[in-house]
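Enquirer:
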Amino acid sequence: MRVGLFVTCLVDLLRPRIGFAAIRLLQAAGCEVVVPVSQTCCGQPAYNSGDRRAARLGDETTRVLHIAEILAGEP
Numbered sequence: 002m003r004v005g006l007f008v009t010c011l012v013d014l015l016r017p018r019i020g021f022a023a024i025r026l027l028q029a030a031g032c033e034v035v036v037p038v039s040q041t042c043c044g045q046p047a048y049n050s051g052d053r054r055a056a057r058l059g060d061e062t063t064r065v066l067h068i069a070e071i072l073a074g075e076p
């Protein structure tokens, strides 16, 4: 199974080991893990703070993953 792993900005900045552990776990389960280089932020922090316009920019980021299964990690 080909899996796209969306490593959120929170994981990337605060708990990068979670992202690396997720990759190892998925690979151990036999998955081909794809982590697109162009991903940045899904917009969740902006959405949570009420900045809907900035949150919509995250929509474009999530469209980067044109893969059947998408997983996202949170710390």
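Numbering-wise, our numbering puts 45 at position 44 of the sequence shown, and it's gapless, one number per residue.
Don't be surprised by glycine CBs; every beta carbon is placed ideally from N, CA and C.
At what residues does the beta strand (DSSP E) containing R3 begin and finish?
Expert: R3 to V8
Enquirer: Can you name the residues that DSSP bridges to V34?
Expert: According to DSSP, residue pairing for V34 in a beta bridge involves V4.
Enquirer: Cutting at 6 Å between CB atoms, please list the residues of its own chain near A55, excluding the five before and the five after it.
Expert: A47
Enquirer: At the level of alpha carbons, what is the spacing between Q40 and V34?
Expert: 14 Å
Enquirer: Can you tell me where the alpha helix (DSSP H) with G20 in it begins and where it stops?
Expert: P17 to A29
Enquirer: Are C32 and F7 close, meaning C-beta to C-beta below 8 Å?
Expert: no
Enquirer: Starting from the C-beta of L27, find all residues in its chain whose C-beta is less than 6 Å away, skip the five residues before and the five after it, and write them out in chain order.
Expert: V4 and V34
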